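Peer 1:
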Amino acid sequence: MQLNGLPFPGREREQATLAQSVADLGRGRPSVVTVLGKPGYGQDRLLRQTAQLAESQGIRVLRAKATPGEQDVRYGVVGQLLAPMDGLTDGSLKALTSRRPEPRSPGLTELLRTARERPTLLVVDDVGWLDAASVRWFGALIRRLPDARIALLVSSTGRHRPGSCPISSGPVPVTTVELELAPLTARDVAATVALICGRPGERAFTTAALEASAGNPEVLSEALRHFTQRGYAPIAGRVPELRTITEAVGGDHTVRVLGLLSDTAVAVVRALAVCGDLLDLSLVYALAGPRATSEPGLTALLLENGLVTASGAGLRLSRPEARGWILAEMPGDERSELHARAAELAYRAAVPDEDIARLLLPAHPVGEPWVIPLLRRTCAAALRAGRTAQAIACLSRALEEPLEPAPRAQLGLELAAIEVLAAPEAADRRLTEIIRSGDGGSGRIRVRAADLGLSRGGDNGLRRAVADVLPAADRDERGALAGLFWLTGTHQQDDDTDLGPDGIPPLPADPSCPAQAAARAWHLALRGADLSATRALARRALTVDGGAGALILPRIVAARTLLLTDDLDEAEVRLDVLHTDLRRRHARAAAAMTLTVRGELNLRRGRLDMAERDLAAAERSLPPSLWHPYAAPYLTAVRIVAALENGDADQAGALADAPTPAESRDGASWGHLLFAKALVAVRDDRLPEALELFRSCGRWQLSRGRINPALMPWRSAAARVCAALGDHEEARRLTEEELALARLWRAPSTLGWAQLGVGRVAREGRADRLREAVATLRDAPARLAYAGSLAELAKAELDAGNPQAADPLVTELFSFVTTHRSSSRLVARARALSERTGVPAVRGRLPHPAWATLTEPERRTAALAGLGQGNREIAETLSVTRRTVELRLSGAYRKLGIGGRAELIALLRAAEGCGTDVA
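Sequential numbering of the sequence shown, starting at 5, is according to the numbering used here.
#1: Please report the straight-line C-alpha distance between Q19 and L126, rounded to a whole angstrom.
#2: How far does the alpha helix (DSSP H) with G487 in it reach, from first residue to last?
#3: Can you find the residues in the same chain that come closer than 7 Å, C-beta to C-beta, to V821, ignoring five residues on each side of it along the sequence?
#4: How about G46 and P244: are their beta carbons less than 7 Å apart?
#5: My output table needs one value for Q19: the three-state DSSP class, helix, strand or coil.
#6: Going by DSSP, name the residue or residues bridged to T180.
#7: Mind the definition here: the segment 451-465 touches the segment 630-643 only if three or more C-beta pairs lie below 8 Å; say whether that holds.
#8: Using a Cβ distance threshold of 8 Å, determine whether the segment 552-569 contacts the segment 729-741, with at least three qualifying pairs required.
#9: Which of the three DSSP states is assigned to I4 in this structure?
#10: Would R242 pass as a contact of Y236 if the rule is Cβ separation under 7 Å?
#11: So, at 7 Å on beta carbons, what are the nonlocal neighbours of L302 in its own chain, with the 5 sequence-adjacent residues on each side left out?
#12: With a 10 Å radius around its C-beta and 16 neighbouring C-beta atoms as the bar for buried, classify K799 as buried or exposed.
#13: Using the C-alpha atoms, what's the distance from R117 back to G80?
#14: Which value, in whole angstroms, describes the spacing of the CA atoms of A477 and T888?
#15: State the Cα-Cα distance for the pair P335 and T258, rounded to the nearest angstrom.
#16: According to DSSP, which residues form a beta bridge with V312?
#17: Where does I560 sit, in a helix, a strand or coil, going by DSSP?
#18: Mapping DSSP to helix, strand and coil, what is P266?
#19: Is it true that the segment 317-331 meets the segment 354-362, where meeting means three or more beta-carbon pairs spaced less than 8 Å apart?
#20: Taking 7 Å as the cut-off, decide whether the C-beta atoms of A240 and A194 are in contact.
#21: What does a CB cutoff of less than 6 Å around V642 pick up in its chain, not counting 5 residues either side in sequence?
#22: So which of S668, L488 and I711 has the shortest CA-CA distance to P518?
#23: With DSSP as the reference, please indicate the residues paired to I154 in a beta bridge.
#24: Exposed or buried, which one is L566 when buried takes at least 16 other CB atoms within 10 Å?
#25: What is the C-beta distance between L572 and R608, in whole angstroms, given that I count them as a contact (C-beta under 8 Å)?
#26: Taking only the alpha-carbon atoms, compute the straight-line gap between L485 and A454 and give it to the nearest angstrom.
#27: Can you name the residues that DSSP bridges to V65?
#28: Leaving out the 5 sequence neighbours to the left and right, which residues in its chain are closer than 6 Å to A615 when beta-carbon positions are compared?
#29: Could you round the C-beta distance between V375 and L364 to whole angstroms and report it? I think they count as a contact, below 8 Å.
#30: Give the single residue among T101, V131, S35 and T492 whose Cα lies nearest to the Cα of L69.
#31: Below 8 Å on the Cβ atoms is my contact criterion, and I expect A735 with A744 to pass it. Report the Cβ-Cβ distance as a whole number of Å.
#32: On the DSSP bridge assignment, give the partners of D161 in chain order.
#33: How would you label D129, buried or exposed, when you count the other beta carbons within 10 angstroms and need 16 or more for buried?
#34: Going by DSSP, what residue range makes up the alpha helix (DSSP H) through Y897?
#35: Which residue wins for smallest C-alpha separation from P510, given the options A653, S536, A471 and G792?
#36: If you drop the 5 nearest sequence neighbours on each side, which residues of the same chain put their C-beta closer than 7 Å to that of L755?
Structure follows, in structure tokens:
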């Protein structure tokens, strides 16, 4: 037997039995055949196929389908069955449609009479929904079957167990067959795949098909038809597509089955879809409504229809992936109410916070005091686990609860800090709204919103909002907002005017407000004027309001200012404290900026390894694609410099060539990127291009009042290119200009770098100029600049034929590259100089396998000891106590498995020539 010209894999036994019943009917042998199975197991197909077979053999076929909608219609199914039959009398027709009880079975006599002339197959689908009158009618028919040429073929879709068919529950005087359908086996699924896909499926594919369809023939066949229509082949590589298609087909199948159940059964399934995996069955039934606990046979009904399976003492959906389909059929307000009630039950049942939050997300506002704290806790846990979208969803849902203005604004701030990770524009809009609306109280919510948004990069919309609300702000709030305004943007205030742009009041000369103090310090630093006042103002910004929870942007800017004043130790401490605070606040954008500033600090100090760690951490905190266009060039610039110092020209070039948003040119960090691009051009020997980039950087800086060479030594860098191109007069002019400005600023690092620039391009007295730079930088915190000055002076001494003067310089240079994980470029220069002077070079990472287990302090201490330095000298070099040196060396000896300093020196000497840097 075949259905629509195709075999029915997995139903061969049933096909044979049904074919035999048709053959018996043709020989005048009546029978009653019942096909039982869960929805989708093939009852309809088998009944349809059997009817087609009977008609092809000249047997009359009368069909009917019982439905829930006609369960209360008297003789509803009998009327369907007999309507097309010839010979039905008017009296029978009237009796079938009458509402009055009939003492006899209308139409039965006519059916029996006509069946004597032509064998008749009665096909009734889903007899579980038969009306009571039709049940009695079929009972009367079955009692008369021994003398009739009639066969009865019925199906039941999971509503009844074998032997409980409503029309054959009593004694049946003819052959009775019950066919209970089972799920498809792996072999059946493989045959179905080959049949529908036109080729055998790979083993992994058929296994996935069985798992996804749960052996349901209808779901499997429909999914495979959709699969093949899309041109897919039944191979392992297409399993994800198969699962997606089957999930949709299975969901639609579940919805169709639900449409055949009572309202109470549907309510239970919906409750299971919402929280069946969280609550005990008694609570699930309570959620479904009062009738769920009293309706008899409800659990058995759900099990028999294949909608649920037993799970311990409870139930779970057979197809968990169908949750969305089940709930999508509900009206939105009912679905929201169901989730709200489920969340309340779950909270009383002490379900974990994350699961309750999942119930709350689609629920309407609950208005209970526990809701917002729970959503906040779940948000924090999601952030710790890196689930940003979930964290945003939790706080967004919390904002839907009834709230006073102040806590609503606070929640908005928290949400905006997280939205930066996924939707930065949305975060800016949210913060702008908070700035404009405030919290209805006297708090500093406007200031905090402006601070959070502007610390990401200084969005113009936020600045306009700040300017708009300033007139209505109170005194303290007004001062802080004005300070934040001046901390952003690319232009400084003009000290000769009374008002700044947009009517913003100017900064006072000696402000007490931390935000204004930071802005004033930064502006002074940019102009390179009054180092002492700049330092004092920056410290004021950090000490007056520098604790946890203080404003973010003033502290970042104040710390950057301290970099320019050569207070790197203090800046580092402040940046560490700030970063800890920002992590606690989940202010990821500001944390990324803080890490980048710390990366620049470590570069200035020559600590390349620490700089690289900070920059990597900055990108983890906020991926580069999410940085504000105004701030992103700063990160890129610092990364380029780090790559160049590390000898990674390819990475530096890729970063320099990467496209940047057009609006980045309007931001405060564009000059940094121009400078870094110029360094890459120098590295690639593209000197004319490098010179133009340095000049562009200079024009950009000067047009915005950024005069101080401490920001970036673009003048001396351009001078070196000019000298290389033969324009010595321009090189001299640029270096002298930078030196004059550095002397006005008086920071040792800036002055020493300017002196180094002069010495590099000097045509006469070069060594003397470089000695000045070395002397100035010796005690300056810019250790990388100091190491560069040593290398330049050593080369100058060697070029002048004075190797004795170069020897101690090269030795000191090697001390530096040993105690720091210094740049590859500097290490290469040190080795080249050592070859000219004969000073032994430390070349190569120790081949000892335990060397990598040493901590960084142990490694630096051991390296110095291996060079022959004593404990006191090492302590002075590393700025630690002798006892600390002893403890570090003891740890290093233990890890390396050596007995003392002599073996350590031998170990280091053995490493010479290994080709990797020991530092």
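For every residue, glycine included, the Cβ atom is placed at its ideal position computed from N, Cα and C. The structure presented is a predicted model; accordingly, all values stated were derived computationally and were not measured.
Peer 2: On the basis of the data shown:
#1: Distance between the alpha carbons of Q19 and L126: 17 Å.
#2: Here the alpha helix (DSSP H) through G487 covers R479 to L491.
#3: Within the same chain, Cβ atoms closer than 7 Å to the Cβ of V821 are found at L830, V831, A834 and A923, the five residues on either side in sequence being excluded.
#4: No; because the gap between Cβ atoms is not below 7 Å, this pair is not in contact.
#5: Judged by DSSP in its simplified three-state form, Q19 adopts helix.
#6: Among the bridge pairs identified by DSSP, T180 is matched with V36.
#7: In short, these stretches touch, since the Cβ pair count reaches three.
#8: At 8 Å Cβ cutoff, the stretches do not touch.
#9: Within the shown structure, residues of the chain are numbered from 5 to 923, placing residue 4 beyond reach of any answer.
#10: Here R242 is near Y236, since their CB atoms are less than 7 Å apart.
#11: Shown here for L302: same chain residues with a beta carbon closer than 7 Å to its own, the five before and five after excluded, namely T268, A269, V272 and A296 in chain order.
#12: The residue is buried, with at least 16 neighbouring Cβ atoms inside 10 Å.
#13: Between G80 and R117, the C-alpha separation is close to 22 Å.
#14: Cα atoms of A477 and T888: separation of roughly 54 Å, rounded to the nearest angstrom.
#15: Each residue's Cα considered, the two are about 17 Å apart.
#16: Partner(s): L321.
#17: Under the three-state reduction of DSSP output, I560 falls in the helix class.
#18: Reading off the sequence, residue 266 comes out as Ser, not Pro. Coil at S266, not helix or strand.
#19: No, the segment 317-331 does not touch the segment 354-362.
#20: In this structure, the beta-carbon distance from A240 to A194 does not fall below 7 Å.
#21: Cβ within range, chain order: T600, G603 and E604.
#22: Distance from the Cα of P518 is smallest, within the candidate group S668, L488 and I711, for L488.
#23: Paired residues: T124.
#24: L566 is classed as buried because its beta carbon has at least 16 other beta carbons within 10 Å across all chains shown.
#25: L572 to R608, Cβ: 7 Å. Contact.
#26: Looking at the two C-alpha atoms, the distance is approximately 7 Å.
#27: Its beta-bridge partners are L125.
#28: Closer than 6 Å at Cβ, skipping near neighbours: G603, N606, L607 and A646.
#29: The beta-carbon separation of V375 and L364, rounded to 7 Å, stays under the 8 Å limit for a contact.
#30: In the sequence under discussion, the amino acid at residue 69 is Lys, which differs from the Leu named in the question. When C-alpha distances from K69 are compared across T101, V131, S35 and T492, the shortest belongs to V131.
#31: Contact between A735 and A744 fails: their C-beta atoms lie close to 15 Å from each other, not under 8 Å.
#32: The amino acid at residue 161 is misidentified as Asp; the sequence shows Thr. Note: T161 is bridge-paired with G41 in the DSSP secondary-structure output.
#33: So D129 ends up on the buried side.
#34: Run containing Y897: R886 to L900, per the alpha helix (DSSP H) assignment.
#35: Comparing Cα positions, the closest option is A471.
#36: Excluding residues within five positions, the ones whose Cβ falls inside 7 Å are A746, R747 and T780.
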